[in-house]
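Read the structure below first, then the notes.
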Amino acid sequence: MENPLTTPGIQFNQTEITLVNFVFGWLDYALFSLLLLVSVLIGVYFGFFSKQDSTTEYLLGGKRMGCFPVAMSIIASHISGITLLGIPAEVFRHGTQYAACVITSTLTAVITSYIFLPVFYKLQLTSTFEYLEVRFARPVRILASVLFTISLFMYVPIVIYVPAIAFAQVTNLSVHMITPVLCIVCIIYTSIGGLKAVVWTDTIQFSVTVGGLFAILVLGIVSVGSVGEVWRISGEGGRLIFFNMDPSPFARNTFWGMIVGMTATWIGHLAIHPGTVQRFLSVPREIDAKHGIVITAIGLIVVKLISVFTGLIMFAKYYDCDPLLTKAISRTDQTLPYYVMDVAGHLPGLPGLFLAGLVSAALATMSASLNTVSGTIYEDFISSWITDSPKKEATAANIMKGIVLITGAISVGLVFLVERLGPVFQIALSMRGVTDGPLLGLFVLGILVPWANTKGVLLGGCVGLISMLWLVGGAQWHTMHGRLEHDSLPTSTDGCPYPLNETLTTAIPTPAWMDPSEEPMILFQISFMHYSIIGAAIVVVAGIIASYAFGVDLESVDPDHITPVMRRFLPPRKYAEVSLREVPPSLLDVVPEKTK
């Protein structure tokens, strides 16, 4: 019988050859099942043994949450499988410029604490979109809610699909079997337990995620030799890039792209995201919320830097035998699972721990999204139809649980469409760029621009949305047709085993020359790192111009709706004169009628 590794011309899937020998053992299944069981039990506990009969309890945890579990929940919600798989692959292919997230996270924390949080905490609104209604009018709120809901429906299926791929690879189970199970577990504990269940399950799941990351980090360093060896190989391979000061917006990732573009993206995900603000409002005091922001920023920095260094370890291990070039994997975001099975497949339980970490990140993101979207849909589209009654709060909580069930089921269905799309990391960022930028622009106009008015904001929001649909849609169209791509840094197959090197590298397809007439328009070549800041800028500029065109009335602006640093631009408020002493009734008779 011929050996496919040594027979020229025979095609095979190296991923199947590499992973088929690794099968989950009883310990791997036990760890993975234990995580799902704990998540469900937490939801059951808070659903049946804790008070959940009002919107305040369901959405804000009764405003008795601690800043640490809240911060852990926020971190877990924003560390999805896309992050865990995407950042190491990004570093492997394009260098360590993403490490500038240290500055990005710090800027985001400062801006959130001193610009956005004071307004939201002062108003104590259940939904951040409710702010847009009290600041402007209900149509602005509806526009923002629709954008946000669409954004989540595009994002959550991708979040779930990523760990499902990894789980399917190492267990030989179908993605179509795994995905519904993961989603059902998440839907159960989110719908039953509300915010309390989401926060505590996120905290536990985040701990598992970090544990898996550290274990894989240590094993990778041991497999390469040492931290110094990883650094040396990465430097020689041109991966140590921290200050690429290229100002071009067409460069895939630069220092300015991280500082400006990603800061805008993170502000949209943290400072104004309804789920994040909802958690910040669940603590008793504003100072507790600020402490939570600091913990969140530190946690994000730690996890992101671990992911960056994991990317360097992967490069040090595979710089001379790139699994993508050898067809061992078919997509760049499969590099990390391939690496994990390579360095940890022989250790019982550790692959299960890592996979549990991936799934934990996905469940945390999905649960936070479902909890948030339930509150958004109820508050913005349903609450006005519910008549006032003593049981209204209990009815509202039950309706939101029903919304979680429905939206979760829709997400399960959409997962089956994701596998027909391209690379998940770029699609996730690009698709959310359509809505995240315009959403950020709406809140910037409300909180930072006192002279913005309702008509101007609506016009600016529509202009921004249409512009981003055209920009992102055009870029994705050219990307799918192979006309738009960013070259990665070089790797080789010189260190691969002889048969692998001989038979596989010759089959690498050479890209066809592109017809100059088909070259994408220059605007479509802008890096996806800048989508959020571009969308926000369009909305703000168009909104300000339109507001001046429709007429500015600063007298009607409530100072509580404006961030403290911008209140100086508001005119002094007029107060009615009130006597400091109580006027005796006998004196009222002698007061002239005109004065009365």
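Heads up: the sequence shown begins at 0 in numbering that gives the first Met the number 0, then just goes up one per residue. Built from N, CA and C at the ideal position, the CB exists for glycine as well. Note that this is a predicted model, so its numbers are computed, not measured.
Requested in this report: Return helix, strand or coil for A361, following the three-state DSSP convention.
Outcome: As a first step, residue 361 is located in the sequence shown; it is residue number 362 there, counting from the start. Note: A361 maps to helix in three-state DSSP.
Query raised in the report: Using the beta-carbon count (16 or more within 10 Å), is T394 buried or exposed?
Result: Taking the sequence shown and counting its residues from 1, one reaches residue 394 at position 395. By the neighbour-count rule (16 or more Cβ atoms within 10 Å), T394 is not buried but exposed.
Query raised in the report: Exposed or buried, F21, counting other C-beta atoms within 10 Å across all chains shown (16 or more means buried)?
Result: As a position in the sequence shown, residue 21 is number 22, starting the count at 1. Model confidence at F21 stands at a pLDDT of 45, short of 50, so the residue's coordinates are unreliable; what they give is reported in the following sentence. Buried is the call here.
Query raised in the report: Do you know offhand how far D27's Cα is from K289's?
Result: Translated into the one-based positions of the sequence shown, residue 27 becomes position 28. Translated into the one-based positions of the sequence shown, residue 289 becomes position 290. Here the alpha carbons of K289 and D27 stand approximately 39 Å from one another.
Query - CA-to-CA distance, R140 to L280, given in whole angstroms - result: Translated into the one-based positions of the sequence shown, residue 280 becomes position 281. Translated into the one-based positions of the sequence shown, residue 140 becomes position 141. If you take the alpha carbons of L280 and R140, they lie about 19 Å apart.
**Report entry** Beta-carbon spacing of L324, S491 below 9 Å
**Finding:** Translated into the one-based positions of the sequence shown, residue 324 becomes position 325. Translated into the one-based positions of the sequence shown, residue 491 becomes position 492. For L324 and S491, yes; Cβs fall inside 9 Å.
**Report entry** A545 versus F241: straight-line alpha-carbon distance, rounded
**Finding:** Residue numbering aside, residue 545 sits at position 546 when the sequence shown is read from its first letter. Residue numbering aside, residue 241 sits at position 242 when the sequence shown is read from its first letter. Each residue's Cα considered, the two are about 40 Å apart.
Requested in this report: Report the rounded CA-to-CA distance for V433 versus V471, giving the unit in angstroms.
Outcome: Here residue 433 is taken as the residue at index 434 of the sequence shown, counted from 1. Here residue 471 is taken as the residue at index 472 of the sequence shown, counted from 1. Rounded to the nearest angstrom, the two C-alpha atoms are 7 Å apart.
Query raised in the report: Under three-state DSSP, which class holds E518?
Result: If you number the sequence shown from 1, residue 518 lands on position 519. The answer is coil: DSSP assigns E518 none of H, G, I, E or B.
Query raised in the report: What are the uninterrupted segments assigned as alpha helix (DSSP H) that are 4 or more residues long and contained completely in the segment 101–143, given in chain order?
Result: 116–122 and 127–134
Query raised in the report: Can you name, in chain order, every residue of its own chain whose Cβ lies under 7 Å from the Cβ of S531, other than the five neighbours on each side?
Result: Here residue 531 refers to the residue found at position 532 when the sequence shown is read from its first residue. Only residues of its own chain outside the window of five on either side were considered, and among them G260, A263, T264, G267, G432, D435, G436 and L439 have a CB closer than 7 Å to the CB of S531, listed in chain order.
Requested in this report: Out of A143, V448, V282 and P496, state which residue places its alpha-carbon closest to the alpha-carbon of F568.
Outcome: Taking the sequence shown and counting its residues from 1, one reaches residue 568 at position 569. Per the Cα distances, V448.
Requested in this report: Say whether the segment 462–479 touches the segment 304–322, bearing in mind that this needs 3 or more beta-carbon pairs closer than 8 Å, one atom from each stretch.
Outcome: Cβ pair count under 8 Å is below three, so no.
Query raised in the report: Is it the case that the Cβ atoms of T331 and R92 are separated by a distance below 9 Å?
Result: One-based indexing of the sequence shown puts residue 331 at position 332. One-based indexing of the sequence shown puts residue 92 at position 93. Between T331 and R92, the CB-CB gap stays under 9 Å.
Query - Assigned secondary structure, G325 (DSSP; H/G/I helix, E/B strand, else coil) - result: As a working mapping, residue 325 is identified with position 326 in the sequence shown. Checking the displayed sequence, the identity of residue 325 turns out to be Thr instead of Gly. It is coil, neither helix nor strand.
Report task. Report buried or exposed for H272, applying the criterion of at least 16 other Cβ atoms within 10 angstroms of its Cβ. Result -> Indexing the sequence shown from 1 puts residue 272 at position 273. Buried, by the Cβ-count rule.
Requested in this report: Please classify T490: does DSSP put it in a helix, a strand, or coil?
Outcome: Here residue 490 refers to the residue found at position 491 when the sequence shown is read from its first residue. Coil, per DSSP.
Query raised in the report: What is the DSSP secondary structure of I426, reduced to helix, strand or coil?
Result: Sequence index remark: in the sequence shown, residue 426 carries index 427 (1-based). Note: I426 maps to helix in three-state DSSP.
Report task. Determine the direct distance from the alpha carbon of Y97 to that of I258, and round the result to whole angstroms. Result -> As a position in the sequence shown, residue 258 is number 259, starting the count at 1. As a position in the sequence shown, residue 97 is number 98, starting the count at 1. So the alpha carbons of these two residues sit roughly 10 Å apart.
**Report entry** Contacting residues, own chain, Cβ-Cβ under 7 Å from Q524 (five flanking each side not counted)
**Finding:** Translated into the one-based positions of the sequence shown, residue 524 becomes position 525. The residues are F249 and L483.
Requested in this report: Provide the residue span of the alpha helix (DSSP H) that contains Y97, from first to last.
Outcome: Position 98 of the sequence shown, counted from the start, is the residue given in the question as residue 97. First-last for Y97: undefined, no H or E at that position.
**Report entry** Exposure label - F166; buried when at least 16 CB within 10 Å
**Finding:** For the purposes of this step, residue 166 is taken as the residue at position 167 of the sequence shown. With 16 or more Cβ atoms within 10 Å of its Cβ, F166 is classed as buried.
Query raised in the report: Three or more C-beta pairs closer than 8 Å, one from the segment 102–111 and one from the segment 550–562: is that the case here?
Result: No: fewer than three Cβ pairs fall under 8 Å.
Query raised in the report: Applying the criterion that 16 or more other CB atoms from any shown protein chain within 10 Å of the CB defines a buried residue, is L151 buried or exposed?
Result: Against the sequence shown, residue 151 aligns to sequence position 152. When all chains shown are included, L151 counts as buried.
Query - Per-residue burial, H77 [other beta carbons within 10 Å of its own, 16 or more giving buried] - result: As a first step, residue 77 must be located in the sequence shown, where it is residue number 78. Flag for H77 reads buried.
Query raised in the report: How far does the alpha helix (DSSP H) with E285 in it reach, from first residue to last?
Result: Position 286 of the sequence shown holds residue 285. Start and end: E285 to Y317.
Report task. Can you give me the start and stop residues for the alpha helix (DSSP H) that G463 sits inside? Result -> Sequence index remark: in the sequence shown, residue 463 carries index 464 (1-based). First-last of the alpha helix (DSSP H) with G463: T453 to M479.
Report task. Please list, in chain order, all residues of the same chain as V209 whose beta carbon is under 6 Å from its beta carbon, the five residues on each side excluded. Result -> Counted from its first residue, the sequence shown places residue 209 at position 210. Excluding positions up to five away in sequence, the list is empty.
Query raised in the report: Looking only at C-alpha atoms, which of S126, P246, L349 and E129 sits nearest to A29?
Result: Along the sequence shown, one-based indexing puts residue 29 at 30. Cα-wise, what sits closest to A29 is L349.
Query - Helix, strand or coil at G234 according to DSSP, with G and I counted as helix - result: Numbered from 1 along the sequence shown, position 235 holds the residue referred to as residue 234. Note: G234 maps to helix in three-state DSSP.
Query raised in the report: When the Cα atoms are used, what is the spatial distance from I537 to S373?
Result: Translated into positions along the sequence shown, residue 537 becomes position 538. Translated into positions along the sequence shown, residue 373 becomes position 374. Using only the alpha carbons, I get a separation of about 29 Å.
Query raised in the report: Going by the CB atoms, is the gap between D341 and D493 shorter than 9 Å?
Result: What you label residue 493 is simply residue 494 of the sequence shown in a count that begins at 1. What you label residue 341 is simply residue 342 of the sequence shown in a count that begins at 1. No. Outside cutoff.
**Report entry** Of the listed residues V118, I220 and L299, nearest to V276 (C-alpha basis)
**Finding:** Reading the sequence shown from its first residue, position 277 is the one you call residue 276. Minimum Cα distance to V276 is reached at V118.
Report task. Report yes or no: do three or more beta-carbon pairs, one from the segment 125–132 and one from the segment 401–415, lie closer than 8 Å? Result -> Contact between the segment 125–132 and the segment 401–415 is absent: fewer than three C-beta pairs spanning the two stretches fall below 8 Å.
**Report entry** Three-state secondary structure (DSSP) of A270
**Finding:** By one-based count along the sequence shown, residue 270 stands at place 271. Reduced to three states, the DSSP call for A270 is coil.
Requested in this report: Could you tell me the boundaries of the alpha helix (DSSP H) in which V540 lies?
Outcome: Walking along the sequence shown from the start, residue 540 turns up at place 541. Y530 to F549 is the extent of the alpha helix (DSSP H) around V540.
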